[in-house]
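To keep things clear, I will list the structure first and then write my remarks on it.
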């Protein structure tokens, strides 16, 4: 029993990281209609950007914004230079998915000669370990959880209370109508790529901190639970992605404790398949934050 | 709702799900180059991307110095030799098209090296059917008595690695309780059964057997479960960043105290060393980690020739010199030179002619002249002599199944990542463990 409780505690960390990344991923889809399979690779590229700064002697916490900024700029450029031109030509959703998969492979293979195939670790101090019953978390892990909560609140506030958030929701709901109403949808889309890219970069760096070691190949591994959480919650729904992250994060850890570590992803995917059978649109597909007002 | 306005609600969900499931298995193969009839090609078929991406470069690092040695001696009967990577991503599903493409696109293949446990079972039948001599780094026991006549293996099967680890744990350190933490890939899991059988047969206890998914962001739950069993030592092989992540969490969750841990010969690798020391610190690895490795002396004229050529190819492949003490690199270098000398002896570039002579070059026939450099081998052959290759990895002892092995040494790292030998298993120790493990 104590192992399950401990696993629950570790699941809090996992779900925090998945939440930051899945919200960015699902917002990217929700606002720009782009299933970006290069997301995991951008996460890793951002993690390496933060590593470059951290390796130069800067604290990992101060390197974190570098990862976020790198992710924002990289994602913005990726859209402007690669995705948007294809979308303007009318490439369909499946075509865009294939393009993003190709982009992912290109990024990975361009990174290899630059950063090498060696795994790297941040210079970091996990801090004191705090115990609550069987749950044991380091100070760093607690800060990651707090960071995730803050990010979720900021995203909620952005979408709910700001003009930009409303413009994003309008653009997501009907881009043509939004444009006709005077909303600069092109700028909104640019900002959406910057914001979701920042979340991507932040998540990549935090994932690198949590895993203690990462390599170029880690990108595809990071992407799988992100997509799973996004689908589970409902594609395009940030709140759904948050719930999906909670479920995927906890299920993987607790199943590792109860069944076998070998099957931790299998259990998560089994639940995912079950949800897809019973509710193909995902858990919160009808109540997403990006849903049109009214 | 956004998704409904984009008219993709259910469809996107299903598409997402399919993509998610497919991602775990998707990959690509490296496209082949143009076919050349004037030169000979050595295919390096191995994982260059994916969780086992560290393996491919170690084998590529074997090919380049071999090609240099051959080319500096004028090539194989005047044919220059080159190396090309063929990426399997460590997945059988990707390895098959990679191997098929390699064979179909390159009629000038003289030999293929690599084929790890990740892909050997898929690749070896293709190469055998195409009559291409192969030197594989697979440890799978299914090749112990293989019927593939073009298959060659210069390393013992993985189960012998496992037996050597058991010997090191029981005979050198007196550990009695062992936790098995291996990646859930085919290659790593090959160690588990033999290790469990040998440990239990010799009265030791397997406290836990964890097959961990590679590349996960965290293993804290697994580590907590493992620590609860209070092992004396952890046996491990989980490549990529996996061992680094796992061991960092062992140290963290064990109040900063690292347990002793012992790796297979695959963990004697600069990539593994870099990853794990980055995660838990160099001194912790130096103090707590030991491994078993192939019985190679890293000395002698054959090794010197290899080292000279390895250092010289750094301009092409900067990390090549780091593989100077990687057993696999040495042995594959030897395999390539053996194939080249077999071609010289038979005066043929037809694999159906020279393949059977590779064994003779490795083991030597009566009256054969021992050679340690390719140039010396060519000179001896020109003088009408048979040759025996004793190269970087020392003596070769092919059996009837073209399997060769030389025993094990017990090693640890120094602070700079060099391997330090601290013991060896005697024949008697090895025999007792193999018998206990059913090998």
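Residue numbers (our numbering), protein chains in the order written: chain A, 1 to 294; chain B, 295 to 733.
Backbone N, C-alpha and C fix where the C-beta goes; we use that ideal spot for every residue, glycine too.
In this text the structure is predicted, and so the values were computed from the model without any measurement.
At a cut-off of 9 Å between C-beta atoms, residue 58 of chain A does not count as an interface residue with respect to chain B. A straight line joining the alpha-carbon of residue 79 of chain A with that of residue 464 of chain B spans about 58 Å. According to DSSP, residue pairing for residue 237 of chain A in a beta bridge does not occur. Closest in alpha carbon position to residue 214 of chain A, among B/498, B/565, B/503, is B/565.
One Cα belongs to residue 631 of chain B, the other to residue 257 of chain A, and the distance between them is close to 50 Å. Between residue 165 of chain A and residue 274 of chain A, the alpha-carbon positions lie close to 33 Å from each other. With a cutoff of 9 Å on beta-carbon distance, residue 416 of chain B and residue 376 of chain B are scored as not near each other. With respect to residue 337 of chain B, residue 426 of chain B sits close: the two C-beta atoms are nearer than 9 Å. Look at residue 543 of chain B here: in three-state DSSP terms it is helix. At a beta-carbon threshold of 9 Å, none of the residues of chain B lie near residue 86 of chain A; the nearest stands roughly 16 Å away.
For residue 216 of chain A, at least one C-beta of chain B is nearer than 9 Å to its own C-beta. Among the bridge pairs identified by DSSP, residue 715 of chain B is matched with B/705. Distances from the alpha-carbon of residue 629 of chain B to those of B/620, B/656, B/468 put B/656 closest.
Secondary structure note for residue 72 of chain A: its alpha helix (DSSP H) is the uninterrupted segment 60-78. Of all residues in the region 165-183 of chain A, only 172, 173, 174 come within less than 7 Å of chain B when Cβ atoms are compared, listed by chain position.
At the C-beta level, residue 700 of chain B and residue 691 of chain B come within 9 Å of one another. Proximity of residue 195 of chain A to chain B, defined by a Cβ-Cβ separation below 9 Å, is not satisfied. Excluding the 5 residues flanking it on each side, residue 462 of chain B has same chain C-beta neighbours closer than 7 Å at 556, 584, 586, 704, in chain order. Contact check for residue 547 of chain B against residue 590 of chain B fails: the beta carbons are separated by 9 Å or more. Within the region 564-596 of chain B, 565, 568, 569, 572, 573 place their CB atoms closer than 7 Å to a CB of chain A, listed in sequence order.
Listed in chain order, the positions of the region 219-239 of chain A with a beta carbon within less than 8 Å of a beta carbon of chain B are 220, 221, 222, 223, 224, 227, 228, 230, 231, 234, 235, 236, 237.
The C-beta of residue 510 of chain B comes closer than 9 Å to at least one C-beta of chain A.
When the beta-carbon positions are compared, residue 370 of chain B and residue 643 of chain B come within less than 9 Å of each other.
Between the region 28-40 of chain A and the region 261-276 of chain A, the count of C-beta pairs closer than 8 Å stays below three; the two stretches do not touch. Listed along chain B, the residues sitting closer than 7 Å to residue 120 of chain A by beta-carbon distance are 572. Within chain B, no residue has its beta carbon less than 7 Å from that of residue 246 of chain A; the closest one is some 16 Å off. None of the residues of the region 60-92 of chain A has a beta carbon lying less than 9 Å from any beta carbon of chain B. Inter-residue distance for residue 241 of chain A and residue 202 of chain A is about 16 Å (C-alpha atoms, whole angstroms). Inter-residue distance for residue 665 of chain B and residue 674 of chain B is about 8 Å (C-alpha atoms, whole angstroms). Fewer than three beta-carbon pairs drawn from the region 53-66 of chain A and the region 235-249 of chain A are found closer than 8 Å, and the two stretches are therefore not classed as touching. Contact with chain B is absent for residue 46 of chain A, since none of that chain's Cβ atoms lies less than 9 Å from the residue's Cβ.
Residue 13 of chain A belongs to the set of residues whose beta carbon lies under 9 Å from a beta carbon in chain B. Distance between residue 567 of chain B and residue 711 of chain B, taken at the CA atoms: about 7 Å. Within chain B, not a single residue places a beta-carbon under 8 Å from that of residue 190 of chain A; the smallest gap is close to 18 Å.
Out of B/505, B/359, B/394, the CA that lies nearest to the CA of residue 480 of chain B is found in B/505. Contact of residue 10 of chain A with chain B by beta-carbon distance below 7 Å involves 512, 514, 515.
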